[in-house]
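Okay, so here's the structure we're looking at.
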Amino acid sequence: MAKKEVKKIVLAYSGGLDTSIILKWLKNEYGCEVVTFSADLGQGDELEPVREKAFKTGADKVYIDDLREEFVRDFVYPMFRANAIYEGSYLLGTSIARPLIAKRQMEIAKIEGCDAVSHGATGKGNDQVRFELAYYHFNPAITVVAPWREWKLNSRQALINYAKRNDIPIPITKKRPWSSDRNLLHISFEGGILEDTWLEPPENMFVLTKSPEKAPNKPQYIEIEFEKGNAVAVDGVRMTPAQLLAHLNTIGGEHGIGRVDLLENRSVGMKSRGVYETPGGTILREAHMAVEQITMDREVMHLRDSLIPRYAEMIYNGYWFAPEREMMQCMIDESQKTVNGVARLKLYKGHVRTVGRKSESDSLFNLDFATFEKDQVYNQADAEGFIKLNSLRLRIRSLMMANKNK
Numbered sequence: 001m002a003k004k005e006v007k008k009i010v011l012a013y014s015g016g017l018d019t020s021i022i023l024k025w026l027k028n029e030y031g032c033e034v035v036t037f038s039a040d041l042g043q044g045d046e047l048e049p050v051r052e053k054a055f056k057t058g059a060d061k062v063y064i065d066d067l068r069e070e071f072v073r074d075f076v077y078p079m080f081r082a083n084a085i086y087e088g089s090y091l092l093g094t095s096i097a098r099p100l101i102a103k104r105q106m107e108i109a110k111i112e113g114c115d116a117v118s119h120g121a122t123g124k125g126n127d128q129v130r131f132e133l134a135y136y137h138f139n140p141a142i143t144v145v146a147p148w149r150e151w152k153l154n155s156r157q158a159l160i161n162y163a164k165r166n167d168i169p170i171p172i173t174k175k176r177p178w179s180s181d182r183n184l185l186h187i188s189f190e191g192g193i194l195e196d197t198w199l200e201p202p203e204n205m206f207v208l209t210k211s212p213e214k215a216p217n218k219p220q221y222i223e224i225e226f227e228k229g230n231a232v233a234v235d236g237v238r239m240t241p242a243q244l245l246a247h248l249n250t251i252g253g254e255h256g257i258g259r260v261d262l263l264e265n266r267s268v269g270m271k272s273r274g275v276y277e278t279p280g281g282t283i284l285r286e287a288h289m290a291v292e293q294i295t296m297d298r299e300v301m302h303l304r305d306s307l308i309p310r311y312a313e314m315i316y317n318g319y320w321f322a323p324e325r326e327m328m329q330c331m332i333d334e335s336q337k338t339v340n341g342v343a344r345l346k347l348y349k350g351h352v353r354t355v356g357r358k359s360e361s362d363s364l365f366n367l368d369f370a371t372f373e374k375d376q377v378y379n380q381a382d383a384e385g386f387i388k389l390n391s392l393r394l395r396i397r398s399l400m401m402a403n404k405n406k
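What follows is the structure, given as C-alpha cells:
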C-alpha cells in the first residue's frame, strides 16, 4: 500500500508502548510534523512523564489537556443514566473514553492545521473502530494513519525490540507482562499472561482495589443523592461529577469492589479477555438503579431496560456520535426527570448492596396501597377480574389443545 501524503499529524499519545513506537515511526516513515495529544481522564501520575517523553521521542508540539470533568459529566453520566453494561459485566470504561479523546484530537487537528490523525489501536481491536468512527464524524475528509495496519511490527515482542533499538523507554517488563489503560471510570488489563484464559490474574496486577479477602472486616454504609438521574452528593457532601467518581473509587477500592474478569466479544469478531477494576462505577450503577426503583414508572423502566443491551453495544462498537445513540439518549434522559432521591448502600468485601432508598419529591411507593396490613384504598377482590382477563389467552389455548386431543 502506498503511503499517504501527510504534512502534519496529531497523534493520540499515551506514552505507553504502542504510541511511543508510533511517534518515532511517524517521524521516520512519513517525515512529517507530529503533534502529540494526551487526555487527562484521571490516569493519576501516569501523565507526569508524558510531555518530556514525547519531546525526547521526536514530538514537534505536545498537548496535555485536563478533560476529567467533561469526561464524567458529558460521557460517563449519560451512559450511567442508561445503566449501560456490556455482556452482563463490562461497564464500558475504555469504550466511553475513546469518543472524547477523538473529539479533542480533532479539535487540535483543526487548531494546528493538521491534515491527518493517528492512534495506537491495533488492527485486531475495538479502539481502531471507536477512534475512526469519531474522526469521520467530525471531518469526513480527514486522513487517518493507523500504523498497526501498515507496519510489520505485528506483536508486542516486536514492538519491545523496536523500542530497545531506538532507546525508547517502555512500561511493559517481565514484572508487568500485560498492558493497561486507565481513566477515572476504570483501569483495564489485557494481553500477555492474561491470554491464558485459565490463569487467575495475579494479585499484584490490580491497582485501584484491595483484594476482597484483605478488605476491612467491617462494612461501610454510604448515601448517594441523585438529581435527574445524575449523582450529585455522597453522604450529604455535594461534589462535581469528576470529584464524586474519584471519591467513590477511593471508597470502593478500599472494599475490593468492582473487579471483573471477562472473555468478551470484540466488534471485529474475535473473543478477547479483559480484566477490569471499576470500583466507583460499580457503586454508582447500583445506587442509580436503587433510586430508579422508587421513582420510575414500571412500563417506562421495562422499556428502557429492554434497550440497555443495544445502547451498550453502540458504545462498545464506537457509535457514540451516531444518530441512533443520540435519539436513544433523548428517550433515556426523558425517563430520568423523576429520578431524584437518595440510595443507601452497604459496602463489604467486594460487594455493594442496596439497603435503602428514598425520594422526597418523586416516590411512587405508596404505603397505603402496598401495605400487608389493613388498608382503606385497595379492594383485593378487584384482583380476580384482573387475573381472569390476563389468563384468558391461556385458558383458550388450553381448551383448544384439549379439543384436539379428543
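When we follow UniProt numbering, the leftmost residue of the sequence shown carries the number 1, and every step to the right adds one. C-beta atoms are modelled at their ideal positions from N, C-alpha and C, and glycine is treated no differently.
Do you know offhand how far residue i's Cα is from residue j's?
i	j	result
A287	R344	7 Å
Y378	E299	21 Å
K4	T143	8 Å
G31	E227	52 Å
D181	I387	53 Å
L26	L159	14 Å
A84	N340	19 Å
L153	E195	19 Å
G120	F206	23 Å
F189	W320	23 Å
F71	A242	8 Å
S179	R156	10 Å
Y348	N204	21 Å
W198	R259	17 Å
Q376	R98	55 Å
K53	N217	43 Å
D167	A59	15 Å
Does DSSP classify residue i as helix, strand or coil?
i	result
A39	strand
K24	helix
T143	strand
F206	coil
E254	helix
D152	According to the sequence as given, residue 152 is Lys; it is not Asp. Note: K152 maps to coil in three-state DSSP.
K271	strand
K61	strand
S361	coil
E112	helix
Y276	strand
E48	coil
D196	coil
E5	coil
Taking its Cβ as the centre, do 16 or more other Cβ atoms sit within 10 Å of residue i, making it buried, or is it exposed?
i	result
G113	exposed
V6	buried
residue 408	As shown, the chain starts at 1 and ends at 406. That puts residue 408 outside it, with no answer to give.
A402	exposed
R165	exposed
L389	exposed
M296	buried
R285	buried
E132	buried
M400	exposed
K406	exposed
G236	exposed
Measuring CA to CA, which of the options is closest to residue i?
i	options	result
P279	A246, A322, A59, V268	A246
E223	T94, L23, S398, K346	K346
E264	V275, G258, G256	V275
N230	R73, T19, R165	R73
A210	M239, P241, N249	As written in the sequence, residue 210 is Lys, which differs from the Ala given in the question. Cα-wise, what sits closest to K210 is N249.
F138	D261, I101, S306	I101
R104	L41, K349, Q329	L41
L262	K271, H255, G256, E254	K271
M328	R304, K349, V34, N317	R304
K8	E33, G258, S14	E33
Y162	D65, D18, A381	D18
E360	F369, V342, V232, D368	V342
M331	G44, K53, P78	P78
S335	Y136, H186, E292	E292
N366	P323, S89, I294, P309	I294
R149	K61, V76, I187, G125	G125
V268	D127, V76, Y221, I22	D127
Starting from residue i, follow the alpha helix (DSSP H) in both directions and report where the run begins and ends.
i	result
D235	Premise fails: D235 is in no alpha helix (DSSP H) and is neither H nor E.
I315	298–316
S89	No alpha helix (DSSP H) contains S89, which DSSP labels as neither H nor E.
T295	279–295
Which residues bound the beta strand (DSSP E) around residue i?
i	result
H351	351–358
A343	341–348
A12	8–12
I187	187–190
N265	259–265
D181	179–182
Y221	220–227
A116	116–118
Between residue i and the ligand MG, is there a pair consisting of the residue's CB and a ligand heavy atom that are separated by less than 6 Å?
i	result
K404	Ligands are entirely absent from the displayed structure, and the ligand MG is therefore not among its contents.
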